[in-house]
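Asks: In my numbering, the protein residues as written are 1212 to 1339. Got a structure for you, questions after.
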């Protein structure tokens, strides 16, 4: 049972972190470092630049750590927090319709599970 548990955590880490990093984090990192004026949603009223920096940390850096299995619980918690904000503040908790937050919700669930369970045996940092 323990072996399948570890394989499951590895699979979840790879299948959740890779698209978050590649499809969301890379674009935000590029926007942050491109030199173009920053236009970014600011649901917490921290300022567009600060919010974009936090998004880069939680959608690029943290998923990279999750993928590698380094500080997995912390990194997954950070990404889950961002997905919670996106789901509630940006998508208004909607799972259907024109502004559906279904994808943010699915990422939220995946990263919450990783925050609870840790990285497993197949990681740079092994968590029981």
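Where is the CB? At the ideal position from N, CA and C, for every residue including glycine.
(1) Mapping DSSP to helix, strand and coil, what is residue 1310?
(2) Residue range of the alpha helix (DSSP H) that residue 1226 falls in?
(3) Here's a check: name, in chain order, each residue in its chain whose Cβ is nearer than 8 Å to the Cβ of residue 1279, leaving out the five neighbours to either side.
(4) Using 10 angstroms around the beta-carbon of residue 1274, count the other beta-carbons present and answer buried if the total reaches 16, otherwise exposed.
(5) Let me make sure I understand the geometry here. Which of 1261, 1244, 1245, 1330 has the alpha-carbon closest to that of residue 1252?
(6) By the 10 Å Cβ neighbour count, where 16 or more other Cβ atoms means buried, how is residue 1296 classified, buried or exposed?
(7) At 4 residues or longer, and completely inside the region 1252-1313: list those alpha helix (DSSP H) runs for me, N to C.
(8) Quick one: what's got a C-beta closer than 6 Å to residue 1269's C-beta in the same chain, skipping five residues either side?
Replies: In terms of the structure at hand:
(1) coil
(2) 1213-1230
(3) 1334, 1335
(4) buried
(5) 1261
(6) buried
(7) Runs of the alpha helix (DSSP H) inside the region 1252-1313: 1259-1267, 1273-1279, 1283-1296.
(8) 1289, 1290, 1293
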